[in-house]
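2 protein chains.
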Amino acid sequence: MNVLIVHAHPEPKSFTAAMKEAAFAELTTQGHSVEVSDLYAMKFDPVAKGSDFSTRRNPDYLVYALEQRHAHESGSLAPDIRAEIGKLVRADLIILSFPMYWFSVPAILKGWMDRVLISGLCYGGKRFYDRGGLRGKRMIAAFTLGGSEHMFGPEAIHGEIEVMLRPILRGTFYYVGCDVLPPFVAWHVPYVSEDVRRELLAAYREYLGRIEQMQPLSFPRLEQFDERLNPRQ
Amino acid sequence: MNVLIVHAHPEPKSFTAAMKEAAFAELTTQGHSVEVSDLYAMKFDPVAKGSDFSTRRNPDYLVYALEQRHAHESGSLAPDIRAEIGKLVRADLIILSFPMYWFSVPAILKGWMDRVLISGLCYGGKRFYDRGGLRGKRMIAAFTLGGSEHMFGPEAIHGEIEVMLRPILRGTFYYVGCDVLPPFVAWHVPYVSEDVRRELLAAYREYLGRIEQMQPLSFPRLEQFDERLNPRQ
């Protein structure tokens, strides 16, 4: 497999960075080819804007998704976006590696989604969910958070983690057609001992060893909906 | 009331920008005092990083939330963050005004959340949800999207919009203690006629006129959980 790890943490010595290193080591040992986009190290620009396109379909009025589609066809996407799209297209497995900020990804990684997962290539019209443009690839969210595991679940204070992550797992990964594997969650990271951190890293490597056998999460399929995308009776 | 509108759209002539202008006009007419943070116009930097703090509690290892807390107490937060916190503290009502990107906010606005909603002032330890640091304020998400209303709902293809927005409505607005009013959603914006756009703007002004009477969304309260944040029996 070709693997792309998109990593976003401002501290190179962080536990999240150690997870990224562990993933690189484990997947390379398994014989996979691994590329890493370390967004902070790259000083990746997360802001979607008109200058992301060297020529514009409409220079007077920016509709970002339409310009993405046009620029992809005409080869006028900014070089940093083109480079990321190259890695994305090559990858069979994409891992987003991040600390949870506000029950979501840090802004620098949100901007990678906004700018790199372009209309046209990744989705468009009814090309989404199981008909999305990145069908055949797998995506994983692997993240750290301060909260404990008992704070998430059907009766727990923050509800189910998969629901809190719906915009990412279903609204992004599945939207573009990927098989979405269960997330890897490193709970309570700022408060745990070195021993527990070692156990978490070992659990992550073990998780990465099981990827080929994992069942993707289950989401609605377009065939359950009619031409107007209303539920079929 | 003091109102803060945090606006994030890359096109100044966009419908989302027209919504921001309509909100300014309506709320000013009602006698409220309105400040606007137009993040694109301000070239707001959305990336959380060590240089957000002029002095560091720990210069060798960045734990972003701990440095936020320290820097707030010691007055060493970056000037752009301090300016936004000033507006936030003055505001009785905060409106986030944005186009939905990937079922969430654009990266530039996610970065406003990451950098401005600081640990210590807004939350910390068990100061979250109904005990959050911004108790007494109200927050609103007002956004545009390409999808139609029938694509959201319990049986609809994308599920309920409030569930898709959970990280924002519950995980952010309510987390910091705000009363969360029902979002204002401008559906299908790129595809509708000028007449429908005018109707949407009128509906938004009407919505803003009802704010004082609106019931906030209902979320779990900390008293329902014990000291370890497990549900009380």
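Sequence order for the protein chains is H and F. With the first sequence counted from 1, adding 1349 to any position gets you the numbering used here. With the second sequence counted from 1, adding 1349 to any position gets you the numbering used here. Note that CB positions come from ideal geometry on N, CA and C, so glycine has one too. Quick caveat: nothing in here was measured; it's all calculated off a predicted structure.
{"Item": "Beta-carbon proximity list for Glu-1384(F), same chain, < 8 Å, skipping 5 on both sides", "Value": "Asn-1351, Val-1352, Leu-1353, Ile-1354, Lys-1436, Arg-1439, Ala-1440"}
{"Item": "C-alpha gap between Gly-1469(F) and Trp-1536(H), whole angstroms", "Value": "21 Å"}
{"Item": "Per-residue DSSP class, three states only, for Arg-1546(F)", "Value": "helix"}
{"Item": "First through last residue of the beta strand (DSSP E) which encompasses Val-1534(H)", "Value": "1533 to 1535"}
{"Item": "CB-CB length for Thr-1378(H) against Met-1449(H), believed under 8 Å", "Value": "Contact flag wrong, Cβ pair sits at about 27 Å."}
{"Item": "Nearest-angstrom beta carbon gap, Gly-1481(H) and Tyr-1524(H) [assumed within contact, 8 Å]", "Value": "6 Å"}
{"Item": "Exposed unless 16 or more other CB atoms sit within 10 angstroms - verdict on Asp-1544(H)", "Value": "exposed"}
{"Item": "Local Cβ density within 10 Å of Arg-1476(F), reported as buried at 16 or more and exposed below that", "Value": "buried"}
{"Item": "For Phe-1568(F) and Arg-1581(F), the rounded distance between their alpha carbons", "Value": "16 Å"}
{"Item": "C-beta contact flag for Met-1462(F) and Trp-1461(H) at 8 Å", "Value": "no"}
{"Item": "Burial state of Met-1563(H), where buried means 16 or more other Cβ atoms lie within 10 Å", "Value": "exposed"}
{"Item": "Between the CA atoms of Tyr-1553(F) and Ala-1372(F) - distance to the nearest angstrom", "Value": "8 Å"}
{"Item": "Residue nearest to Ile-1434(F) in terms of C-alpha spacing, selected from Ile-1444(F), Ser-1423(F), Val-1465(F), Gly-1474(F)", "Value": "Val-1465(F)"}
{"Item": "Cβ of Phe-1452(H) within 8 Å of any chain F Cβ", "Value": "yes"}
{"Item": "Delimiting residues of the beta strand (DSSP E) encompassing Asp-1441(H)", "Value": "First-last for Asp-1441(H): undefined, no H or E at that position."}
{"Item": "Residue span of the beta strand (DSSP E) that contains Val-1512(H), given as start and end", "Value": "It is not in any beta strand (DSSP E) - Val-1512(H) instead sits in the alpha helix (DSSP H) that spans 1510 to 1513."}
{"Item": "Contacting residues, own chain, Cβ-Cβ under 7 Å from Leu-1411(F) (five flanking each side not counted)", "Value": "Gly-1399"}
{"Item": "Sub-8 Å separation of Ala-1390(H) and Ala-1397(F) beta-carbons", "Value": "no"}
{"Item": "Selected residue, minimal CA-CA separation from His-1356(H), among Tyr-1472(H), Leu-1415(H), His-1419(H), Ala-1490(H)", "Value": "Ala-1490(H)"}
{"Item": "The region 1364 to 1397 of chain F: positions lying closer than 7 Å to chain H by Cβ", "Value": "Pro-1395, Val-1396, Ala-1397"}
{"Item": "Spatial neighbours of Arg-1577(F) in its chain, beta-carbon cut-off 6 Å, leaving aside the 5 residues before and after", "Value": "none"}
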